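Below is one structure, written out as structure tokens; comments come after it.
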Amino acid sequence: MAKVIVNDIEVDADAKDNCILAARKAGVEIPHYCWHEALSVVASCRMCLVEVGERKPDGTVVMGPKLVPGCQTPIREGTVIRTDSEKVKTAQQMTLELLLLNHPLDCSICDQAGECYLQDYTFKYGNPVSRLDEPKIQRMDKYHIGEQIALFTDRCVMCTRCVRFTREISGTAELQVTNRGSHEEIDVFPDMPCDNKLAGNVVDLCPVGALCSKDFLYKKRVWWLKSANSVCTGCSTGCSIHVDENEDKVYRLRPRDNPLAQGHFMCDEGRFGFKYIHDERRLQKPKLSDSFALAASLNKPSKTNGSVDLNFADPWVDVLSVTRFKIKEAIKTDARGFVAVLSPFMSVEEAYLLASYLKGLDKKVRLVLGRVPVVGSDDKYPKGPKGESPASDKVKFTIRSEKCPNRLGVEAILRHFEGELITLEQAVARADATAWYFVGGYNQGWVTESIDRAVGKPSLLIVQDIFASPLSERADIVLASSSFAERDGTYVNHSGLAQAASGAVRCPGDARADGRILMEIAERKGLFNAMTLRKEIGKSVPSLVALSAGDLGENGVKISMAKEPIYS
Amino acid sequence: MSHEEFKPILLARQGKPNSHKLATYQADGGYQALAKALAMKNTDVVDVVKASGLRGRGGAGFPTGLKWTFLPKDLNGPVYLCINGDESEPGTFNNRVLIEQDPHQVLEGIVISSFATRTTTAYFYLRYEYGRCYRVLKDAIDEMVDNNLLGKNILGSGYDLDIHLHRGACAYICGEETGLIESLEGKRAWPRIKPPFPAIEGAFRRPTVVNNVETMACIPHILNRGAEWFMSMGIPRDPNNTRDAGSYGPKLYCISGHVNKPGLVELPMGISARDLIDKHGGGVWKGRKAKAVVPGGISMGFMSEKELDTPLDFAGPGRVGCLGLGTAAVIVIDDHTSMIDVLYNACRFFAHESCGQCTPCREGTAWSTKILERIREGRGKLSDIDVLLEISSSIGTIPGTTICGLADGAAWPIKTAINKFRPEFEEYIKSGRKSESRSLAAAH
Chain A
2 MAKVIVNDIE
12 VDADAKDNCI
22 LAARKAGVEI
32 PHYCWHEALS
42 VVASCRMCLV
52 EVGERKPDGT
62 VVMGPKLVPG
72 CQTPIREGTV
82 IRTDSEKVKT
92 AQQMTLELLL
102 LNHPLDCSIC
112 DQAGECYLQD
122 YTFKYGNPVS
132 RLDEPKIQRM
142 DKYHIGEQIA
152 LFTDRCVMCT
162 RCVRFTREIS
172 GTAELQVTNR
182 GSHEEIDVFP
192 DMPCDNKLAG
202 NVVDLCPVGA
212 LCSKDFLYKK
222 RVWWLKSANS
232 VCTGCSTGCS
242 IHVDENEDKV
252 YRLRPRDNPL
262 AQGHFMCDEG
272 RFGFKYIHDE
282 RRLQKPKLSD
292 SFALAASLNK
302 PSKTNGSVDL
312 NFADPWVDVL
322 SVTRFKIKEA
332 IKTDARGFVA
342 VLSPFMSVEE
352 AYLLASYLKG
362 LDKKVRLVLG
372 RVPVVGSDDK
382 YPKGPKGESP
392 ASDKVKFTIR
402 SEKCPNRLGV
412 EAILRHFEGE
422 LITLEQAVAR
432 ADATAWYFVG
442 GYNQGWVTES
452 IDRAVGKPSL
462 LIVQDIFASP
472 LSERADIVLA
482 SSSFAERDGT
492 YVNHSGLAQA
502 ASGAVRCPGD
512 ARADGRILME
522 IAERKGLFNA
532 MTLRKEIGKS
542 VPSLVALSAG
552 DLGENGVKIS
562 MAKEPIYS
Chain G
3 MSHEEFKPIL
13 LARQGKPNSH
23 KLATYQADGG
33 YQALAKALAM
43 KNTDVVDVVK
53 ASGLRGRGGA
63 GFPTGLKWTF
73 LPKDLNGPVY
83 LCINGDESEP
93 GTFNNRVLIE
103 QDPHQVLEGI
113 VISSFATRTT
123 TAYFYLRYEY
133 GRCYRVLKDA
143 IDEMVDNNLL
153 GKNILGSGYD
163 LDIHLHRGAC
173 AYICGEETGL
183 IESLEGKRAW
193 PRIKPPFPAI
203 EGAFRRPTVV
213 NNVETMACIP
223 HILNRGAEWF
233 MSMGIPRDPN
243 NTRDAGSYGP
253 KLYCISGHVN
263 KPGLVELPMG
273 ISARDLIDKH
283 GGGVWKGRKA
293 KAVVPGGISM
303 GFMSEKELDT
313 PLDFAGPGRV
323 GCLGLGTAAV
333 IVIDDHTSMI
343 DVLYNACRFF
353 AHESCGQCTP
363 CREGTAWSTK
373 ILERIREGRG
383 KLSDIDVLLE
393 ISSSIGTIPG
403 TTICGLADGA
413 AWPIKTAINK
423 FRPEFEEYIK
433 SGRKSESRSL
443 AAAH
């Protein structure tokens, strides 16, 4: 700890902080472009120039003669930082005027407008007019930078964050600076586009509208977007993300800084892998098989008033009451033969709701962990010059092979309620199930031929999923459920970090969030509320006691649990 | 010692037949200093150089011996010595003459300096355009290797040294010491942020000393004749100014521009610009008067005619508003020349050579060139003058606005030209004249 005085505000800063971080702790913004917490310091944009001095033990303040870059200047006990002097303001104004000199000022058609640091800083620190009286340098747009990345060269401020990212984080070094002086441009080597699996991060890193995501380009003005804090469900790294949506459509995912989870970045697989949530093949309404539907309509007391069906509005009423009835019936007939399969895409709350309900009906009901998708092996960055993985102490980002967000969380629930962990393979191998309750929610097809064959035609087949599958085709009851963007819940990542995710959009059609479906099946009172449930889980499941706080904060909490990888 | 009776030291062998050969160098007493140094303790060599008051000849004038002492005392691993032969400052050609005419003098200095700094690998970074220098140096190094003056166990002393000759790729920025190091490592020559200084972390992330060619040429003479002899020349330090390190020893002055006799002269430090031009440069050409004089390479700014009595030592040009002595490349500009054209040419050079790392230098140099281009086309505005001054203060006359010192060099010509010749700029803009001198191709 070191005491630092920023514009007369005294604040405790970390001894390792630079001036920008120390000032941030005092609530003072030092504008900067090239500096980024995760990247090396180059101090080249010269936007963060400040005056730095020292307060002597006797209280006198001695200011240094020079302006210094805040990013490069370390602090120590008694460092005095001034960001509001005339000298600093002049330097900021001049740097901004110079940065905007050849900038096309095409904010009206620029994707970054609204979240652009050139706009923000010019508004706060800049001169309202440019004194340039000459034609601006014009540069060609470069759509060839990468499959997902376009470069609007003339908007670039040459902060080189993107170049450093590809050298230091991804290790793939596709980007470089070409030419010299005011003719400098960011470019790739010929025929070597920036298509590494982390490439999308350069778009986030770009403080201006130079590097744009082709996926998001011209789709939505950013000020219409609302953002929800969520967790990427693409792999067990569980990157913290922002889900940016407008009118129930998710437009993009962005990484959210979380030192406990992944740091600052996310992979392209996760970033662009959300498209399935708007797939038109999503299950949009619950469904009963013909025989079940017939039985339901016969059992149901007539609610028709003349020729008008009063139940037209909500298809769930019938489906849920039939589901409850059928579950109880099946368990009464053969509790041992009732198998519920909980997918690792479920949140901890959902797994808890289903497990506690079924075990409450009969202890002999079996709870099983659904298929855990694994693709290849963990992909670690930064890559070496020949594409080799880094030494284990040099890893800065990992794309994990386990392509689901919450195996550990669901396992914790299963271990608590079942006592042991049964995988789907084991359950299928025993071939003694008479009723199946499958929960899916996978981001892609998960019903393999062997699962399909093994399940066969049981006396009761309930499928709660987001996509049609061979199982849902012949299921007695199909419960159309939700993707990660449509529900609240907790996910436990590979390291046991429990993070709370918030829903951003509503489910398509008549589909419902899993938590809401399960609340109703379990006949619980009230609405699904992740925070209340977390408190309950924390009390009743000892390994998840860390959840009892309810609010997990933005970064989540670590839970301690036995780690025993079980792959299907 | 007066300037008249001074006998050239560094240039003593210039013009002699085969002066670049080892045999003639040894016949003239060459490599005795090396033998002497190798018999000493390396720290004693550092002390001698430190005592001599030798300051770096590359432009910044940092005391050489002091620089050497910044190396870490307890070393585990290699130290590197880089010789800065990327002589790119406009008007400067002293390194070229030293290398072409007397390469062994420089190389002897390098071996002694390497020994003093415990270096076993030295890099000679040579400007690409100096083809003849490259060939001469290559031959000279081969001769040294053949005669046990380089390689293993030099002169039986047990000291090993390799010198790698590295050709640059035509960039001004490689003359900046950390830019040079980056370039040497095979990277884009973007100067590094300091600290760490090269003495702690330089080439290949190892402690490194970067010295100029002319500095190296001085070293054998200091070893041969002692620190006191060296200090007998030049301007002693100002006893009232503790920060002044004095200006000792001989200096090569490159005289160019509008003089009758341009060329390289060697004199003790501290001759006035007027004496230099009149007595050694043959006076301003065509009987004209000097209008402005660049004291040490264009980046140092301009002295006006009134200021020509300023002594050209390390402190002198700074007293009349210039950046410093620089490389002591004196460029004379006669009174028929338009300062607008001169400044335009300087700005055009810096816009072309700015490495483009820091915003103020990258954008400012290009902008100032564009403004001057417009003024030269007769479309200037009086407000342009203040914009130019503001750009110059943003590039480098306010300390700390950029990473390296070369940006300061890009700013100083603008500042001094406008401050000292403002009426000419105003008159030119008001008249709306077009420049008479041939328009130069824009940078790039």
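Residue numbers (the numbering used here), protein chains in the order written: chain A, 2 to 569; chain G, 3 to 446.
Backbone N, C-alpha and C fix where the C-beta goes; we use that ideal spot for every residue, glycine too.
Note that the structure is predicted; figures quoted are calculated from it, not measured.
Would you list the one or two residues that DSSP bridges to A/GLU186?
-> Residue mapping note: residue 186 of chain A aligns to position 185 of the first sequence, counting from 1. A/GLU186 is bridged to A/THR179.
Cβ of A/CYS233 within 7 Å of Cβ of A/LEU206?
-> Mapped onto the first sequence, residue 233 of chain A falls at position 232. Mapped onto the first sequence, residue 206 of chain A falls at position 205. No, the pair does not count as a contact, with Cβ atoms beyond the cut-off.
Quick one: list the residues of chain G neighbouring A/LYS559, beta-carbon separation under 9 Å, in chain order.
-> Your numbering for residue 559 of chain A matches position 558 in the first sequence. Those within 9 Å of A/LYS559 in chain G number zero; the least Cβ separation is about 36 Å.
Rounded C-alpha distance that separates A/PRO566 from A/ILE278 | Along the first sequence, read from residue 1 onward, the residue named residue 566 of chain A stands at position 565. Along the first sequence, read from residue 1 onward, the residue named residue 278 of chain A stands at position 277. Interpretation of A/PRO566 is limited by its pLDDT of 45, a score under 50 that renders its predicted location unreliable; the figure taken from the coordinates is listed afterwards. About 28 Å.
Rounded Cβ spacing between A/GLU419 and A/LEU368 (contact assumed at less than 8 Å) | Sequence index remark: in the first sequence, residue 419 of chain A carries index 418 (1-based). Sequence index remark: in the first sequence, residue 368 of chain A carries index 367 (1-based). With a Cβ gap of about 5 Å, A/GLU419 and A/LEU368 count as contacting.
What's the gap between the Cα of G/LYS43 and the Cα of G/ILE114?
-> Translated into positions along the second sequence, residue 43 of chain G becomes position 41. Translated into positions along the second sequence, residue 114 of chain G becomes position 112. Between the alpha carbons of G/LYS43 and G/ILE114 lies a gap of roughly 11 Å.
What is the rounded straight-line gap between the Cα of A/ASP291 and the Cα of A/GLY410?
-> Working through the first sequence from its first residue, we reach residue 291 of chain A at position 290. Working through the first sequence from its first residue, we reach residue 410 of chain A at position 409. Taken atom to atom, the span from the alpha-carbon of A/ASP291 to that of A/GLY410 is near 36 Å.
So what does DSSP say about A/LYS564, is it helix, strand or coil?
-> Within the first sequence, numbered from 1, the residue matching residue 564 of chain A stands at position 563. Interpretation of A/LYS564 is limited by its pLDDT of 48, a score under 50 that renders its predicted location unreliable; no figure is taken from the coordinates.
Would you check whether the ligand MN has a heavy atom nearer than 6 Å to the C-beta of A/ALA331?
-> This structure lacks the ligand MN, and indeed carries no ligand of any kind.
Classification of G/GLU6 by the beta-carbon crowding that lies within 10 angstroms, buried from 16 upward = Position 4 of the second sequence, counted from the first residue, corresponds to residue 6 of chain G. Exposed, because fewer than 16 other Cβ atoms sit within 10 Å of the Cβ of G/GLU6.
Proximal chain G residues relative to A/ARG165, where beta-carbon distance stays under 8 Å | For the purposes of this step, residue 165 of chain A is identified with residue 164 of the first sequence, where counting begins at 1. Going along chain G, no residue has its Cβ under 8 Å from A/ARG165, so there is no contact; the nearest lies around 12 Å.
Cα-Cα separation, A/GLU248 to A/VAL506 = On the first sequence, position 247 is the one that residue 248 of chain A refers to. On the first sequence, position 505 is the one that residue 506 of chain A refers to. Approximately 8 Å, taken between the alpha carbons.
Simplified DSSP state of G/TRP287, which is helix, strand or coil = As a first step, residue 287 of chain G is located in the second sequence; it is residue number 285 there, counting from the start. When secondary structure is reduced to three states using DSSP, G/TRP287 falls in the helix class.
Through-space distance from G/LYS436 to G/ILE377, alpha-carbon basis = What you label residue 377 of chain G is simply residue 375 of the second sequence in a count that begins at 1. What you label residue 436 of chain G is simply residue 434 of the second sequence in a count that begins at 1. Taking the straight line joining both Cα atoms gives about 8 Å.
Note down the Cα distance separating G/ILE373 from G/LEU56, rounded to an integer number of angstroms.
-> Here residue 373 of chain G refers to the residue found at position 371 of the second sequence. Here residue 56 of chain G refers to the residue found at position 54 of the second sequence. Each residue's alpha carbon lies about 41 Å from the other.
Assign A/GLU135 to one of three DSSP states: helix, strand, or coil.
-> As a working note, residue 135 of chain A is residue 134 in the first sequence. DSSP places A/GLU135 in coil when its eight states are reduced to three.
Would you give the residue range spanned by the beta strand (DSSP E) that A/VAL440 belongs to?
-> Counting from 1 along the first sequence, the entry for residue 440 of chain A is found at position 439. Under the DSSP assignment, A/VAL440 falls in the beta strand (DSSP E) whose first and last residues are 436 to 440.
G/LYS189 - DSSP class collapsed to helix/strand/coil = Translated into the one-based positions of the second sequence, residue 189 of chain G becomes position 187. Note: G/LYS189 maps to coil in three-state DSSP.
With which residues is G/ALA368 paired in a DSSP beta bridge?
-> If you number the second sequence from 1, residue 368 of chain G lands on position 366. In the DSSP output, where bridge partners are listed per residue, G/ALA368 has none listed.
Those residues which DSSP pairs with A/LEU528 across a bridge | For this step, residue 528 of chain A is matched to residue 527 along the first sequence. A/LEU528 is not bridged to any residue.
Residue ranges of each beta strand (DSSP E) within the stretch 306 to 356 of chain G, 3 or longer | 331 to 336
Contact list for G/CYS357 against chain A, beta-carbon separation under 8 Å = As a position in the second sequence, residue 357 of chain G is number 355, starting the count at 1. Near G/CYS357 (Cβ distances below 8 Å), the residues of chain A are ARG181, GLY182.
Is A/CYS233 close to chain G, meaning its C-beta is less than 7 Å from at least one C-beta of that chain?
-> Position 232 of the first sequence, counting from 1, holds the residue named residue 233 of chain A. Judged by the 7 Å Cβ criterion, A/CYS233 is not in contact with chain G.
Burial state of A/TYR219, where buried means 16 or more other Cβ atoms lie within 10 Å = Sequence index remark: in the first sequence, residue 219 of chain A carries index 218 (1-based). The residue in question, A/TYR219, is exposed, as its Cβ has fewer than 16 Cβ neighbours within 10 Å.
Identify the contact partners of G/PRO401 in chain C, using a Cβ-Cβ distance below 8 Å as the criterion.
-> Here chain C cannot be found, since the structure's protein chains are A and G.
Output the distance between the C-alpha atoms of G/GLY279 and G/PRO313, rounded to the nearest integer angstrom.
-> As a first step, residue 279 of chain G must be located in the second sequence, where it is residue number 277. As a first step, residue 313 of chain G must be located in the second sequence, where it is residue number 311. Correcting the residue type first, residue 279 of chain G is Ile in the shown sequence and not Gly. Straight-line Cα distance between these residues: approximately 12 Å.
In chain order, which alpha helix (DSSP H) runs of at least 4 residues are fully inside the stretch 248 to 293 of chain A?
-> 269 to 272
Under 9 Å Cβ-Cβ, which residues of chain A neighbour G/VAL360?
-> Numbered from its first residue, the second sequence carries residue 360 of chain G at position 358. Checking the sequence, you will find Cys at residue 360 of chain G rather than Val. Going along chain A in sequence order, the residues near G/CYS360 (Cβ under 9 Å) are ALA44, SER45, CYS46, ARG47.
Delimiting residues of the beta strand (DSSP E) encompassing G/TYR136 = The count along the second sequence starts at 1 and reaches residue 136 of chain G at position 134. Note, G/TYR136: premise wrong, no beta strand (DSSP E); alpha helix (DSSP H) at 133 to 148.
Taking just the CA atoms, how far does A/MET64 sit from A/VAL51?
-> Translated into the one-based positions of the first sequence, residue 51 of chain A becomes position 50. Translated into the one-based positions of the first sequence, residue 64 of chain A becomes position 63. Using only the alpha carbons, I get a separation of about 11 Å.
What residues in the stretch 118 to 147 of chain A bring their beta carbon closer than 9 Å to a beta carbon of chain G?
-> ARG132, LEU133, ASP134, GLU135, PRO136, ILE138
Are the C-beta of A/THR154 and some C-beta of chain G separated by less than 7 Å?
-> Locating residue 154 of chain A in the first sequence gives position 153, counting from the first residue. Answer no: the Cβ-Cβ gap between A/THR154 and chain G never drops below 7 Å.
A/GLN73 at chain G interface by Cβ criterion, 7 Å | Within the first sequence, residue 73 of chain A is the residue found at index 72, counting from 1. Closer than 7 Å: yes.
Outcome for G/VAL261 when other beta-carbon atoms lying within 10 angstroms are tallied against a minimum of 16 = Here residue 261 of chain G corresponds to residue number 259 of the second sequence, with the count starting at 1. The residue is buried, with at least 16 neighbouring Cβ atoms inside 10 Å.
What is the residue span of the alpha helix (DSSP H) that A/SER473 lies within?
-> Here the question's residue 473 of chain A lines up with position 472 in the first sequence. Residues 471 to 475.
Through-space distance from A/ARG56 to A/SER344, alpha-carbon basis | Position 343 of the first sequence, counted from the first residue, corresponds to residue 344 of chain A. Position 55 of the first sequence, counted from the first residue, corresponds to residue 56 of chain A. Spanning the two alpha carbons is a distance of roughly 59 Å.
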